[in-house]
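Sequence lines, in order, name chains Y and H. Residue numbers for the first sequence follow my numbering, beginning at 34 and rising by one. Residue numbers for the second sequence follow my numbering, beginning at 5 and rising by one. Each residue gets a CB set at the ideal place from its N, CA and C atoms; glycine is no exception. In this text, all values refer to a predicted model and were calculated from it rather than measured experimentally.
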Amino acid sequence: MGNAPAKEARSPSGSFSKDNVVSSKSFVGLSKRKKERDREKRRQKEQHMLDLIVRYQENVDGGYLAPYGNYKDGLNYKTDVVRELIIERKLAPFYTPLEDFDESWTDGELLSRLKRLNLHAPTTELLLDEDEDPDDHKIHQSASSMRRKEHKAFKRHLSEMSIKFQRDAESRFSRDRSVSESGIKTYPNIPSDDLLLTLYRNAIECPICFLYYPPNLNLSRCCVQPICTECFVQLKRLDPHPPHDEGVAPNASTEPEKLADELISEPVNCPFCAMSDFGVTYSPPNLWTGIGGRPPRDFNLIPQVIHEDPNTPQGGSRSSDCQRKASLSYAMTKSHSASGTPPKKSTCLSEYRTNQGQKSFEDSGSMKSKNSDDGFHIKNAEGSDPARRRRGSLPAKAPGVITVDLIHPDWEQKLLNAKSKLARRSAAATALHASSLIYDRDDSHHTYTSRFESSYRRSDSSNGNDHNNHTSIEERMIEEALKLSLLDEEERKLKERLKR
Amino acid sequence: MSMILNRSGLSGSPPIGQLSAWVARVRYPVPGITAVPHEDNLRYFNVTIDGPSGSPYEGGKFKLELFLPDDYPMLAPKVRFLTRIYHPNIDRLGRICLDVLKANWSPALQVRTILLSIQALLSSPNPDDPLANEVAEEWKSNEQNAIKTAKEWTERFAQ
């Protein structure tokens, strides 16, 4: 109660001093490394938080690079990967959802609704559990208790920052939008009415969250069902678990070491048709606004401007290179100004451009069909778009398929951690068991022998006589200790390998 | 209804845009099934399911509770019988053994579908995948007697 960690606002560098005191005696080098690792982890978490802020300057085809906030949890997908995929038009951007939609709305009605939308769902202060730490009433607090508090304080700090940044982004958006609306001044990243109407005129419902989005949603690779990006990033593998069907192998060993090996982590099934290894494809609408295109303010439906030359294979990238570059760098530099971090995606630009050439070539087929007379009506996913209907089921490895594992690559690490944790726990339990036997020895000699024998029956049956037992227990404990350290080492190596 | 769709009614609970959409869907009427959200917690529903005709549960009105966890719809809703019921796949605590509530849950399934599945489970008990072992044994060894007990329980508890 008295220890309100939120107010202390410790600096990251000082945060693990307690830990260091504990470990500094013999592992100075180690603790330094650990400190560095912790700092790196925090940096990554901060970046992750910043990546989840919706900023209106960061837009692609009328959508954004961060989710609207329908789900308050489960946002631990790889934000850098998803942002890049959206910029490359390989995944639908995060569009702002409409709670309801009626085809009979006039353009004016639709527009007035669209113009009232926020960038992000209303945020409230994070309700972190204010549970007391078990060590709160002790005179000496353990290092792990300090650590837990640090962690909590950091989490609260992150949540406060994210709320603040989102609020800033929001007020900036509404200010710029109303200034644009009044006609005093225009902002290139405030979307034109034409763009808004083009996007939302034929809005469709995401079958998972029941909210309405522009019809260019992602499509499941297997059964071609629409799914919005916000729902898609929520999907991830379940935590590592023992195989479900106990019935299939009832004689499966109960030995903990083997249990660890049996832990599995299965790819996500398609929510619609249950096909394993879920993935989506995305065909971008022919809009090219925002990052990698022209400013969304300048989007209009005058056919000559839009279809300069529908027959060129470069169908999608009609705005001049120079203009695109300018708007791209504009968006890039602006995007991180709030956070104070430098724009880190310098690679993105070149990559994006090579990609765009490719993509527009790939898409030229479907583009052409859309480029016919009436131009900019994005086709409904279930509708008559021949390109979409013709597309059958695609394998998970097909080019253009974005799988769940691609944006949640940490499952391998998680499985590994769970396995080594379980193995370590069982080894520790065995060691504990063995040591308790030593104390037992004097008074309950015989029972201990039998217990010992039964638990180590595998290799110890030859060790019948009492004299040898004590030494063999010690040997075994040493063995266990060796095993533990080997496990740790193995884990460390694998971690390094995964990090590459 | 307007209270439900009004997001300000969620004061105190975290902002979840779709909650209203989901709640509206849960309330979508199905014959023989009702689901009413609690006033103070929109994630929590009082559910009733009518015993399907032709089953030993016919004529009974079974109360259940349904809860949409924070991870919904990525995780299945939690459903439990409040009314006692004699059924091989429903235990004494009202827990239900149904694949779509566990391994076969999909975010594209709606609560409506789940409630319909539970109603279907009442029509076709599956003693080969039991949760209440004794009931399942009885069902397999003496089905007539089991059905009789189920009818008695329905009259006793589910009126």
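Quiz prompt | Element boundaries [beta strand (DSSP E), containing K82 (chain H)] | solution = K82 to F85
Three-pair Cβ contact test at 8 Å for the segment 220 to 229 of chain Y versus the segment 323 to 337 of chain Y: yes
Report task. Please decide whether P77 (chain H) counts as near chain Y, where near means a Cβ-Cβ distance under 8 Å. Result -> yes
Next item on the list: Could you name the residues of chain H that G107 (chain Y) contacts, counting a contact when the two beta carbons are closer than 8 Å?
Entry: D75 and M78
- Query: List, in order along the chain, the chain Y residues whose C-beta lies closer than 7 Å to that of P134 (chain H)?
  - Reply: The premise fails here: P134 (chain H) is roughly 12 Å from chain Y at the closest Cβ pair, so nothing lies under 7 Å.
### Query
DSSP three-state call for R200 (chain Y): helix, strand or coil?
helix
Exercise for the section: Indicate whether at least one CB of chain H lies closer than 8 Å to the CB of L244 (chain Y). Expected result: yes
Within 8 Å of any Cβ in chain H, is that where the Cβ of L268 (chain Y) sits? yes
What I want to know is whether the C-beta of L520 (chain Y) ends up closer than 7 Å to one or more non-hydrogen atoms of the ligand GDP. Within the structure as shown, the ligand GDP is missing, as the structure has no ligands at all.
- Query: Under the three-state reduction of DSSP, which class applies to A429 (chain Y): helix, strand or coil?
  - Reply: coil
Quick one: does P41 (chain H) have its CB under 8 Å from some CB of chain Y?
no
Open item on the list: Bridge partners for R99 (chain H) per DSSP, in chain order?
Closed with: H:R84
message: Can you tell me whether R270 (chain Y) is buried or exposed? The criterion is at least 16 other CB atoms within 10 Å of its CB, across all chains shown.
response: buried
Classification of G538 (chain Y) by the beta-carbon crowding that lies within 10 angstroms, buried from 16 upward: This structure gives no information on residue 538 (chain Y), because the portion of chain Y shown stretches from 34 to 533.
T129 (chain Y), DSSP secondary structure in three states = coil
Note down, in chain order, every chain H residue with its Cβ under 9 Å from the Cβ of C264 (chain Y). P77, M78 and P111
| request: State buried or exposed for A462 (chain Y), treating a residue as buried only when at least 16 other CB atoms are found within 10 Å of its CB. | output: exposed
### Query
Since R29 (chain H) meets chain Y, which of its residues come closer than 8 Å, beta carbon to beta carbon?
F243
Distance check for P240 (chain Y) and S211 (chain Y), CA to CA, integer angstroms please. 33 Å
Query raised in the report: F305 (chain Y) touches chain A at which residues, Cβ-Cβ below 8 Å?
Result: Chain labels in this structure do not include chain A; the protein chains are Y and H.
message: Rounded to the nearest angstrom, what separates G408 (chain Y) and N103 (chain Y) at their Cα positions?
response: Low confidence applies here, because G408 (chain Y) scores a pLDDT of 42, under 50, leaving its location unreliable and the question unanswered by this model.
Q.
Can you check which of these residues, Y:D310, Y:H274 and Y:L292, is closest to L268 (chain Y) by C-alpha distance?
A. Y:D310
Worksheet entry | Sheet register partners of I53 (chain H) (DSSP bridge) | H:I37 and H:F66
Check your understanding: With 16 as the cutoff for other CB atoms within 10 Å, does I20 (chain H) come out buried or exposed?
Key -> Low per-residue confidence applies at I20 (chain H): pLDDT is 48, beneath 50, and the placement is therefore not dependable, though the value from the model is reported in the following sentence. Answer is buried; the Cβ neighbour count reaches 16.
**Asked** Within the 8 Å Cβ cut-off, does S372 (chain Y) reach chain H?
**Response** The pLDDT assigned to S372 (chain Y) is 36, lower than 50, so where the model puts this residue is not dependable, and the model offers no usable value.
| said: With H, G and I counted as helix, E and B as strand and the rest as coil, what does DSSP make of L72 (chain H)? | reply: coil
Q: Taking only beta-carbon positions, decide if P240 (chain Y) is within less than 8 Å of chain H.
A: yes
- prompt: In whole angstroms, what is the alpha-carbon distance linking K144 (chain H) and P131 (chain H)?
  reply: 7 Å
ask   = Going by the beta-carbon positions, is the gap between E238 (chain Y) and F127 (chain Y) smaller than 8 Å?
value = no
Checklist entry - How many Å lie between C101 (chain H) and P92 (chain H) at the Cα? => result 9 Å
For the alpha helix (DSSP H) that contains T322 (chain Y), what are its first and last residues?
-> Where T322 (chain Y) is concerned, there is no enclosing alpha helix (DSSP H), given that its DSSP letter is neither H nor E.
- For the alpha helix (DSSP H) containing A149 (chain H), list its first residue and its last residue. Before going further, note that residue 149 (chain H) is Asn rather than Ala in the sequence given. That run of the alpha helix (DSSP H) goes E147 to F161.
Item checked: Exposed unless 16 or more other CB atoms sit within 10 angstroms - verdict on N251 (chain Y) -> buried
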